[in-house]
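Report on the following structure.
Protein chains in written order, with my numbering: chain A, 1 to 587; chain B, 1 to 587.
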């Protein structure tokens, strides 16, 4: 009792048992069908065209969806179609599952488009006197949903919304578990979220269209907490002084985030309360401070955090000014010093799923290092300080227009490239690394970090120059990263040459010179083709948590299974660190 | 590969496959074991004593639970015990599943004790530097729980609670889904809830100990909304006038409920914020007004409610002054005029599960009528007015001390029994029915309701007497109920004589005289032994929703499947109603 299904334009043929749903048959044939509403026949996204074979009657609501989609009467929803006979089908492009790439520039990792918030536009039947069903039940039946969590104000306003809209409404459902709100009319195109990378030094964010997976805008600003200390440790120390101080830090970053929310909404011409989901990838200290959690335990042994994974929190409880029922997801922490920024980056890059021996590095104020070997993962963190982000450097700056991001050798000295080609105003992390490496090569700098020029400075361009102190900052930053990588490789019986892949996330983007980094010893000596730049992988992961809901579960599983490689508990660390301060290629 | 298990003191023998958990084996043997923590080995409530057979090693945490319980070393947790060989066991009384009866006076329906909020007392291990696990994860592992929803303040306070208590804490878990709070020390004995019967005229409530299922106290007070109209229709009309009026009604009943909460807590010597769960059984209009939902649709065709089933709501959102994370469950509405009071009563009485042909009547300001036939249920409602509660009767009163609740024939007239034997102050519903029936018998009253005495009053005792208007009120109330029952029976091809059971819930308690009710035509003519009095079944159902969590699901299923028998949509109703106004036994 089977039927043959020929699938165009894929030129595939499959045999399926009769009475099966066509959507199941297509899944077996590996056709990536869009099943936005999980096959409930509500979203109208899986229409297929019947070219040859018996056309079934419409299921309730199906014809309405078909008309709304503007397709011919030969279309049917695959999820409602019971196979009775042989068929020849065409799958329209619009019915294929969307894939999204969250990394920029495009990386080959593609996630299935399955946003955390979904909207269903429905026309509700009028209640009849004989059945007199409850309005909320009529709505749930229309979206074929199980009972959902729902906040009281949504129920209170439901009758008025139905009245105002002639019962044409859009139900907004979060994670298939909560009826967030019911909007009058068809608002299914307008679902928005904001992904945050909550860095110690910089906040970056993207406004994401959850109906399409596209990024609509980007914003970045310095973390105002920086006024209270450049690195994580100084912030924790301040918070340590009392709850009042922690509250100051909390308010500072909340105010930054709310400014970013307003700015992103304004440039897209949206009201901020159209934003219904936020995700935040930040290191453990940053997310603890944001949530108002005590950070004491992050600073003293055994250095454990208060939480690793948390369910979505109400934005209103947190203090973020978005939709009143909006929710905030915090990327899971791996440990105290390997936080949600890393779990987000691992999710975006697919690093946790690979099988080769590989390193994942996120070089910011903290250097996070993840080693993968034989399918197992180890993570650690090392305090690099803000030098890589251009901070604590006399002429340092973020990679903004005018920042020297690239230094090349020139007959007369250095040739400096600036962001946007603007007049040079300062140097950012990648420029600093280039300059130091070239100085080392030219003898302006010893491997021990001594500036050998008469002026005790390394001139870059115009009046910009690096000082002896600047070099020391870089030395400490690079040494910390190098020591972490070295200890982790050694503990697992690995040498630099065993690495098959090195992924680099972080503010550097793809501007980091692999050659210069290897020369300074910041990176282990590997073939440059093995090094891949992810850009801001934390931000990409935060976006993944909005547009591809299953990536949250994956990140939580990764965070739970990853081994913690504690540098702090290893007596050898200080020694390895000191021996890593020299600028020299790894042996 | 099986083993034989002999169970004392039940003198049962069962064969089970080896490697099975003992708890499974005992379930197959129908031993009602207490599995409060669902077999996770956390609660220590399923210890059995091994009399003969191999004693296994302790599982992690098991020895600590054993010591805490003060049992001998021959005890093991049944849910952790893997059967390897033949055994002879003794099941201590304490390990049997508690059963609770929520009806008063004790009715044979027993519910399994499975409270909505459970507490787990645990000693948390200290985090170690090598693993540095998150505090929240350590807690969830100790209670062997999946990740739970948790509000931010609970996470914020977790480290301080752990510190203060030397890591001995009690986790409070709601419905196995939410970590409501973490309390220092062992507070597992102190879990409280309040069940409300939210009547149109009266509010009744019980303080329930969720650790034992016992009722600790009762309170009742008049619904302050009564000042704005005695019946549901007048309240709806007022709310109709504008949101301001609806808000007045809402505040009135909230204030009543908060007074009751404070009173119940005070008499038990508890702080109100120890109350973590509330359940409310009220008719549809009452629960809509309480929740601030529009009641317009309850008053105009098609008379449909806004909701039938709602998930738990935060008490703080609703305005109830209990624990800050406390939740409120609203008994599901069946339809507009058959509400949560009825679904609660059906749950408490087990009426929805019976198989005989039966009637369930809840006679209050509204008369709810449920018919059961062949396993199917039909429900309707009829507006009786407040006469049965002693309201709108010239000398009427609630069944409080001094109320004439019983009238018997006497040579010289009537002999009146009062509540608590106090001097007569007025008459309540059951007294009114007795007096009218006896007056009919003696010719003081015609079947048409005419008072035939010279004074046009029916003297009761002292200066108390019923007026012609009082009799008219009773006539309307009884006629409405009679008409509803008549139409429902007729529509299903039934006669009074077909009824095998009549359950009567409501304020009457067991003081209603079946004989007098039949004589007046309020009840169909059935053998008195078929009539059973449930007392306040709505309140009992509200209690069931606290102490036996599965009863919520059952009530929701009943509410969804019950057929609505709409009197309003039947043209014959007015005629049947008018012909039901005569005081006479059903033919």
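We put the CB at the ideal spot given by N, CA and C, even for glycine.
Any C-beta of chain A under 8 Å from that of residue i
{"i": "residue 216 of chain B", "result": "no"}
{"i": "residue 423 of chain B", "result": "no"}
{"i": "residue 134 of chain B", "result": "yes"}
{"i": "residue 243 of chain B", "result": "no"}
{"i": "residue 111 of chain B", "result": "no"}
{"i": "residue 569 of chain B", "result": "yes"}
{"i": "residue 330 of chain B", "result": "no"}
{"i": "residue 171 of chain B", "result": "no"}
{"i": "residue 313 of chain B", "result": "yes"}
{"i": "residue 146 of chain B", "result": "no"}
{"i": "residue 564 of chain B", "result": "yes"}
{"i": "residue 439 of chain B", "result": "no"}
Environment of residue i [buried if 16+ CB atoms lie within 10 Å]
{"i": "residue 125 of chain A", "result": "exposed"}
{"i": "residue 574 of chain A", "result": "exposed"}
{"i": "residue 76 of chain A", "result": "buried"}
{"i": "residue 448 of chain B", "result": "exposed"}
{"i": "residue 475 of chain A", "result": "buried"}
{"i": "residue 57 of chain B", "result": "exposed"}
{"i": "residue 141 of chain B", "result": "exposed"}
{"i": "residue 163 of chain A", "result": "exposed"}
{"i": "residue 482 of chain B", "result": "buried"}
{"i": "residue 225 of chain A", "result": "buried"}
{"i": "residue 93 of chain B", "result": "exposed"}
As assigned by DSSP and simplified to three states, the class of residue i
{"i": "residue 450 of chain B", "result": "coil"}
{"i": "residue 362 of chain A", "result": "strand"}
{"i": "residue 469 of chain A", "result": "helix"}
{"i": "residue 148 of chain A", "result": "coil"}
{"i": "residue 410 of chain B", "result": "strand"}
{"i": "residue 607 of chain B", "result": "Residue 607 of chain B lies beyond the residue range present for chain B, which begins at 1 and ends at 587; the question has no answer from this structure."}
{"i": "residue 349 of chain B", "result": "helix"}
{"i": "residue 548 of chain A", "result": "strand"}
{"i": "residue 591 of chain B", "result": "Outside the displayed range of chain B (1 to 587) lies residue 591 of chain B, so it cannot be described from this structure."}
{"i": "residue 557 of chain B", "result": "helix"}
{"i": "residue 415 of chain B", "result": "strand"}
{"i": "residue 215 of chain B", "result": "strand"}
{"i": "residue 228 of chain B", "result": "helix"}
{"i": "residue 244 of chain A", "result": "helix"}
{"i": "residue 338 of chain B", "result": "coil"}
{"i": "residue 574 of chain B", "result": "helix"}
Closer than 8 Å to chain B by CB, residue i
{"i": "residue 317 of chain A", "result": "yes"}
{"i": "residue 467 of chain A", "result": "no"}
{"i": "residue 574 of chain A", "result": "no"}
{"i": "residue 433 of chain A", "result": "no"}
{"i": "residue 301 of chain A", "result": "yes"}
{"i": "residue 354 of chain A", "result": "no"}
{"i": "residue 380 of chain A", "result": "no"}
Beta-bridge partners of residue i, as assigned by DSSP
{"i": "residue 192 of chain A", "result": "A/209 and A/275"}
{"i": "residue 381 of chain B", "result": "B/368"}
{"i": "residue 2 of chain B", "result": "B/17"}
{"i": "residue 197 of chain B", "result": "B/204 and B/281"}
{"i": "residue 533 of chain B", "result": "B/504"}
{"i": "residue 179 of chain A", "result": "A/150 and A/173"}
{"i": "residue 565 of chain A", "result": "Partner(s): none; residue 565 of chain A has no beta bridge."}
{"i": "residue 396 of chain B", "result": "B/427"}
{"i": "residue 329 of chain B", "result": "B/279"}
Handout entry: Every unbroken alpha helix (DSSP H) inside the stretch 53–135 of chain A [4 residues or more]
Key = 62–69
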